[in-house]
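As C-alpha cells, the structure follows; a few thoughts come after it.
Chains as they are written, first to last, in my numbering: chain A, 450 to 640; chain B, 48 to 646.
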C-alpha cells in the first residue's frame, strides 16, 4: 500500500478521477430515465401520484448521512482513527435506514392501491418504482463500499493511512445524496 | 490489492524503478493478466472469433438471399432443424441477421476495435506503465468474455437466439410470445448486452483517466498522437451514451418480466388476444436506444479515424495536415453525435418541425467529416508514399468513408428518408461508412501495430492479397445494394423472389452472395497470416520498423509489464515531425534543437 501514499499535489489521483467520470456516467443513466419519464408523461395516460410522506424523512436521513461522511473524511485526515470508524459506521447505518425508508414508501403506495408493477400498473408509478429503486441500489452499493472501507481501515499501519479510498467513497456518497435530492425535486415538480 | 497498488504506483509516477521482476504464472500472464498489452490481445482475439462467427452468419443468410430456390444439404447438417431440408428457415434467417448485427456492431467493432487499440496504444503512446486501474481493465475484458459466452449460448437454446433485429425494438423484444427468439433467446441477449455495457464502461473510464492523468513528462494534450485523441473521444461517447441504453434495457426488462407498460400497450397478438398493458410507447424505446445508437456509430468509427490519420502520416513521410483541425473535427463529431439520434426515427410519426431540426444537425456532420477527408488527402498529397498493407487499408478506409459518407447526406434528408428508410440503400450506406470502413481501420491498425504486439512481421504478400480482394469485394457487395434500395427493396426480408418488382434483382443478389463468400474466404487467409506470423513470422530486428516518431516504438521489441526499462521517456515535440528540415523523421523524445524551424 505504501507506494500509493505519494504527494502529487498537481494531479488528482487517477482512481479518484475514475470515480468522477463514473459519476458522469451514472448521471447520464438517470438523465435517460428522467427524460423517458417526461416523454412518457407527455404522451398521456398518466396517473398523478402523491409521494409517500416517508420520502421527506428519508431525504433528511440521507442529508445527515452526507454530513457524517464529510466528518468521517475530515477525521481520517486529522488522524482521529477511532472517531473516523464511528462516523463511517453511523454513515453506513444511515444508508441502510434510508434504503428501508424508501422501501416503506413503496409499501405505502401499494396500500393506497397504486400498483407499481404488473398489468394494473400505470407508467407513472412504475417509473417512480424503477427510478427510485435504481437509486436505492446505488445507495446499497455505497453502503457496501463503506463496509469495505471500514474493514480496510483496520489493516492500515499507523502513520500510513491511505486517504484515497475514503475520499472516493465520500465523493460517491455525496453524489448519491445529491442524486436523490434531484430525483425528489424532479418528482415534486414534474409529477 | 497490494499487487495492484505496487503496479499502480509505478504507472503513475515518473520513477526510475519501473523495471522490476514479475513472477507471473501462466494464469496471471495469459489469462487473468493486468498488463494492458495482454488485455488488448485478449480483446483482439475474442473479437476475431466473433468476426469469423458474425461473418459466417452473413454468408449463411446471403445464401438464402442469393439462392432462395435452391437447397443446400450441408445446411441441415450444420444448423439442424434451423436448416431443415437444406434451406434456412425464416426463423433462423431472422436469428442470423439479428445476431450478425449485434455481434458485429458491439462485439467486433466496439469491443474488438476500441478494446484492442485503446488498451494497447493508450499507455504506450502517452508514456504510461499501464492503465489508471489495471484491475478494472482486467475486469473489463472478463465482463466482455462473460457477455460473449452468454451470447454464444443463446444460439443453442431450443427456441433459438433473439431474432427481432439488432436494435431489439419492442414489442418483438418485450413480448415473449412475439417470436420464437423473443423467449429465452431475448433473455440471454439482454443479459449479454448488460454485461457488455458494464465492460465498455469499465474500459472507457480507464481510457479517459489514463489519457488525462497519466501522460509522461512533456506529453501535453497537443502533443498526443491523433489515435489517442480519437480513442479519448470514443471513450467519452461510450461513457455518456451506454448508460442511457442501459436505462432503456432496465425498462425493457420490467416490461418483459414484471408486466409494466413502459413500451407495451394493448396491442393485439395473434393467438393471444389483446395485451393487458395500457399506454406504453414503443417509440420511447427507440429514443433511448438511438440516443446510444447514434453515438455508437462514432464509437465504432472514431478509433479507425485516429489510427488511419496516424498511419497515413507515417507512410506518407509527411506531418498530418491540420493537426488541430483534426482534433477540432473529432470534437465536433463527438458533440453532434449526441444531437442527431432522431434521424433514425424519421418515419415514426415524429413532429415534422423536430424532424427538420434533426435534418439540419445531421447534415452538419458533413462539415467535420469533410475537414477530416480533405486533411487525409492533403496529407497524402506529394507524400513519399510507402504502400505497406497497413497504408493500403488506411487509404481504403478514406475511400470507403467518402463513398459511404455521401449516401449519408441522402439519408439525412427526412424527405428522401421516407422513401429510403429500411431499404437496402440503408444497408449499403451503413455497411460501407461504418462497418467495412471501421473494419479497414482495424485491419490497418493490426498490420501496423502487429510488430509491436508480437515482435514479428506479418507476411506482406498475403497482406496485399487480403487488401485487394477485400476492397474490391466490399464495393462489389455493397455498391449494387444502393440500386436495390432505390428501387424500394426492403431490408430484413426472407425471400424477394415472390415479388414481381424485385425479381429483376435475382441475379444481382446471387452475385452479391457469391462475392461475399469470396471475401469471407480471404478473411480466413488473413487469420492464417495473423496466427502463423505470431509463431513463425519474421522476427523483428529493428525496434522502430516504420520509422515512426511516437513513444511506443521507443519501448523494447517485446516490452514487459511496465513497457519501458528504466525511466519513461520524456517528450519534447508533437508526433508528426516527418521530413522536417530535410530529416526523415524526428522522434517525440528528441529535444528541440536551437536552430530548428517551427512546424
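Just so it is clear, CB atoms sit at the ideal spot from N, CA and C, and this is done for glycine as well.
Supposed contact pair residue j and residue i - C-beta distance, whole angstroms, cut 8 Å
i, j, result
"residue 328 (chain B)", "residue 489 (chain A)", "6 Å"
"residue 364 (chain B)", "residue 470 (chain B)", "With 8 Å as the limit, residue 364 (chain B) and residue 470 (chain B) do not qualify as a contact, their Cβ atoms being about 44 Å apart."
"residue 347 (chain B)", "residue 491 (chain B)", "Residue 347 (chain B) to residue 491 (chain B), Cβ: 15 Å. No contact."
"residue 406 (chain B)", "residue 460 (chain B)", "6 Å"
"residue 625 (chain A)", "residue 588 (chain A)", "5 Å"
"residue 455 (chain B)", "residue 476 (chain B)", "6 Å"
"residue 549 (chain A)", "residue 623 (chain A)", "Actually they do not touch by this definition, with Cβ atoms about 21 Å apart."
"residue 371 (chain B)", "residue 419 (chain B)", "Contact flag wrong, Cβ pair sits at about 13 Å."
"residue 500 (chain A)", "residue 636 (chain A)", "6 Å"
"residue 115 (chain B)", "residue 376 (chain B)", "Not confirmed; about 44 Å, so no contact."
Own chain residues within Cβ distance below 6 Å of residue i, not counting five before or after
i, result
"residue 388 (chain B)", "337, 338 and 341"
"residue 303 (chain B)", "221"
"residue 330 (chain B)", "395"
"residue 535 (chain A)", "none"
"residue 437 (chain B)", "358, 491, 494 and 495"
"residue 160 (chain B)", "350 and 489"
"residue 632 (chain B)", "594, 596 and 625"
"residue 573 (chain A)", "495, 496 and 498"
Same chain only: Cβ atoms within 8 Å of residue i, ignoring 5 sequence neighbours per side
i, result
"residue 257 (chain B)", "169, 170, 173, 175, 178 and 179"
"residue 310 (chain B)", "217, 218, 221, 298, 299, 302, 327, 328, 329, 331 and 332"
"residue 402 (chain B)", "389, 393 and 461"
"residue 559 (chain A)", "565"
"residue 644 (chain B)", "627 and 628"
Near the ligand NAD: residue i beta-carbon under 6 Å from a heavy atom
i, result
"residue 110 (chain B)", "No copy of the ligand NAD occurs in the structure displayed, which carries no ligand at all."
CA nearest to the CA of residue i, picked from the options
i, options, result
"residue 334 (chain B)", "B:523, B:292 and B:459", "B:292"
"residue 206 (chain B)", "B:232, B:193 and B:603", "B:232"
"residue 275 (chain B)", "B:401, B:573, B:251 and B:295", "B:251"
"residue 289 (chain B)", "B:113, B:158 and B:582", "B:158"
"residue 154 (chain B)", "B:138, B:199 and B:566", "B:199"
"residue 556 (chain B)", "B:91, B:146 and B:112", "B:112"
"residue 479 (chain A)", "B:92, B:294 and B:357", "B:294"
"residue 164 (chain B)", "B:85, B:183, B:267 and B:554", "B:85"
"residue 576 (chain B)", "B:129, B:196, B:494 and B:401", "B:494"
"residue 189 (chain B)", "B:89, B:500 and B:612", "B:89"
"residue 440 (chain B)", "B:483, B:386 and B:130", "B:483"
"residue 307 (chain B)", "A:575, A:520 and A:537", "A:575"
"residue 587 (chain B)", "B:621, B:560, B:501 and B:379", "B:501"
"residue 478 (chain B)", "B:579, B:518, B:635 and B:541", "B:518"
"residue 243 (chain B)", "B:523, B:421, B:94 and B:473", "B:94"
"residue 107 (chain B)", "B:383, B:447, B:318 and B:141", "B:141"
"residue 399 (chain B)", "B:544, B:629 and B:465", "B:465"
"residue 150 (chain B)", "B:162, B:127 and B:98", "B:98"
"residue 319 (chain B)", "B:226, B:273 and B:429", "B:226"
"residue 255 (chain B)", "B:277, B:270 and B:266", "B:277"
"residue 549 (chain B)", "B:562, B:564, B:430 and B:530", "B:530"
For residue i, the first and last residue of its enclosing beta strand (DSSP E)
i, result
"residue 630 (chain B)", "630-632"
Element boundaries [alpha helix (DSSP H), containing residue i]
i, result
"residue 625 (chain B)", "It is not in any alpha helix (DSSP H) - residue 625 (chain B) instead sits in the beta strand (DSSP E) that spans 625-627."
"residue 109 (chain B)", "83-113"
"residue 579 (chain B)", "553-583"
"residue 528 (chain B)", "507-533"
"residue 548 (chain B)", "547-550"
"residue 166 (chain B)", "163-173"
"residue 145 (chain B)", "137-149"
"residue 631 (chain A)", "613-639"
"residue 122 (chain B)", "120-126"
"residue 399 (chain B)", "399-411"
Cβ neighbours of residue i in the same chain (closer than 7 Å, five flanking residues each side left out)
i, result
"residue 621 (chain A)", "468, 591 and 594"
"residue 300 (chain B)", "237"
"residue 570 (chain B)", "102"
"residue 186 (chain B)", "249"
"residue 68 (chain B)", "Residue placement at residue 68 (chain B) is flagged as unreliable, the pLDDT there being 49, under the threshold of 50; a coordinate-derived value is accordingly withheld."
"residue 296 (chain B)", "237, 240 and 241"
"residue 513 (chain A)", "543"
Item checked: Residue ranges of each alpha helix (DSSP H) within the stretch 484-548 of chain A, 4 or longer -> 503-526
Note to self: Please give me, in chain order, every unbroken run of the alpha helix (DSSP H) with length at least 4 that falls completely inside the stretch 356-386 of chain B.
What the structure shows: 370-384
Next item on the list: For the stretch 190-252 of chain B, list the beta strand (DSSP E) runs that are entirely contained and at least 3 residues long, ordered along the chain.
Entry: none
Margin query: Threshold first: 4 residues or longer. Then list the alpha helix (DSSP H) segments lying entirely within the stretch 425-485 of chain B, N to C.
Written below: 436-458, 461-467 and 471-477
Next item on the list: Scan the stretch 256-324 of chain B and note each continuous alpha helix (DSSP H) run of 4 residues or more that stays entirely inside, going in chain order.
Entry: 273-305
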